[in-house]
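**Q**
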Amino acid sequence: MGLEVQRDGQHAFVGRNDRGAEVRLGRAGAEGAFSPAELLQIAAAGCSAVTAEELITRRIGDDAKFRVGVTADRREGASELDAVHVAFDVDVSTLTADQRDALAGAVDRAIDRLCTVSRTLKKGIPVTEEFPA
Numbered sequence: 001m002g003l004e005v006q007r008d009g010q011h012a013f014v015g016r017n018d019r020g021a022e023v024r025l026g027r028a029g030a031e032g033a034f035s036p037a038e039l040l041q042i043a044a045a046g047c048s049a050v051t052a053e054e055l056i057t058r059r060i061g062d063d064a065k066f067r068v069g070v071t072a073d074r075r076e077g078a079s080e081l082d083a084v085h086v087a088f089d090v091d092v093s094t095l096t097a098d099q100r101d102a103l104a105g106a107v108d109r110a111i112d113r114l115c116t117v118s119r120t121l122k123k124g125i126p127v128t129e130e131f132p133a
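Those letters in the sequence shown? Residues 1 to 133, by UniProt numbering.
1) Kindly indicate the opening and closing residues of the alpha helix (DSSP H) around Q99.
2) If we count the other Cβ atoms within 10 Å of its Cβ and call it buried at 16 or more, is L3 buried or exposed?
3) Is there contact between the region 107-115 and the region 42-62, where contact requires at least three CB pairs shorter than 8 Å?
4) When burial is assigned at 16 or more other CB atoms within 10 Å of the CB, is I125 buried or exposed?
5) Classify S79 as buried or exposed, calling it buried when 16 or more other Cβ atoms lie within 10 Å of its own Cβ.
6) Thinking A33 and L25 are a contact (beta carbons under 8 Å), I'd like their distance in whole angstroms, please.
7) Please state the DSSP three-state secondary structure of Q6.
8) Quick one: residues in its chain with C-beta nearer than 6 Å to the C-beta of V92, no 5 flanking neighbours on either side, listed in chain order?
9) Going by the DSSP bridge assignment, what does F66 pair with across the sheet?
10) Output the boundary residues of the beta strand (DSSP E) element that contains L81.
11) Please classify F131 as buried or exposed, where buried requires at least 16 neighbouring CB atoms within 10 angstroms.
12) Do residue 134 and D89 have their C-beta atoms closer together than 8 Å?
13) Considering only their Cβ atoms, is the gap separating L114 from A44 smaller than 8 Å?
14) For the candidate residues I56, D73, K123, whose alpha-carbon lies nearest to that of L95?
Given below as structure tokens:
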């Protein structure tokens, strides 16, 4: 099956993978659902979090809690995002200034090298659609 999105009602969709995970999609503002643009932003933040997790827990501790917020710039009425901004919220108070700088640099380098979503967004790729004839 791979990945799919199936209509589940008016303006309501469910995205699924072959491991049984599901996510609800809908138009912007739909109750209990992500809009596709929100999912794109969540993907960027999630990829950054997954990529940086080991670097952070190695330096802060295995039980380190952290949050990755995400926002986007969008012109009024535009049908695309102009920028996505990912921001880590992690307590680094136990680290020295040099250690904080080193961790921030390591996280940046790891995301630049390994985060598929951010790398793809920065690169810009073709997207194709097929519709039955």
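Idealized CB from N, CA, C, for every residue including glycine.
**A** Walking through what the data contain:
1) Counting from one through the sequence shown, the residue named residue 99 turns up at place 99. Element bounds for Q99: 97-114.
2) Sequence index remark: in the sequence shown, residue 3 carries index 3 (1-based). Classification for L3: exposed.
3) yes
4) Locating residue 125 in the sequence shown gives position 125, where the first residue counts as 1. Exposed.
5) As a first step, residue 79 must be located in the sequence shown, where it is residue number 79. Exposed, because fewer than 16 other Cβ atoms sit within 10 Å of the Cβ of S79.
6) Reading the sequence shown from its first residue, position 33 is the one you call residue 33. Reading the sequence shown from its first residue, position 25 is the one you call residue 25. Their Cβ separation, rounded to whole angstroms, is 6 Å, which keeps A33 and L25 in contact under 8 Å.
7) Along the sequence shown, one-based indexing puts residue 6 at 6. Here Q6 sits in strand by DSSP.
8) On the sequence shown, position 92 is the one that residue 92 refers to. Excluding positions up to five away in sequence, the list reads R100.
9) Position 66 of the sequence shown holds residue 66. Per DSSP, V90.
10) Within the sequence shown, residue 81 is the residue found at index 81, counting from 1. Segment: none, L81 is in no beta strand (DSSP E) and carries neither H nor E.
11) Taking the first residue of the sequence shown as position 1, residue 131 is located at position 131. That one is exposed.
12) In the structure as shown, the chain begins at 1 and stops at 133. Residue 134 is therefore absent and cannot be evaluated.
13) Within the sequence shown, the letter at position 44 stands for residue 44. Within the sequence shown, the letter at position 114 stands for residue 114. No; because the gap between Cβ atoms is not below 8 Å, this pair is not in contact.
14) For this step, residue 95 is matched to residue 95 along the sequence shown. Answer by Cα proximity: I56.
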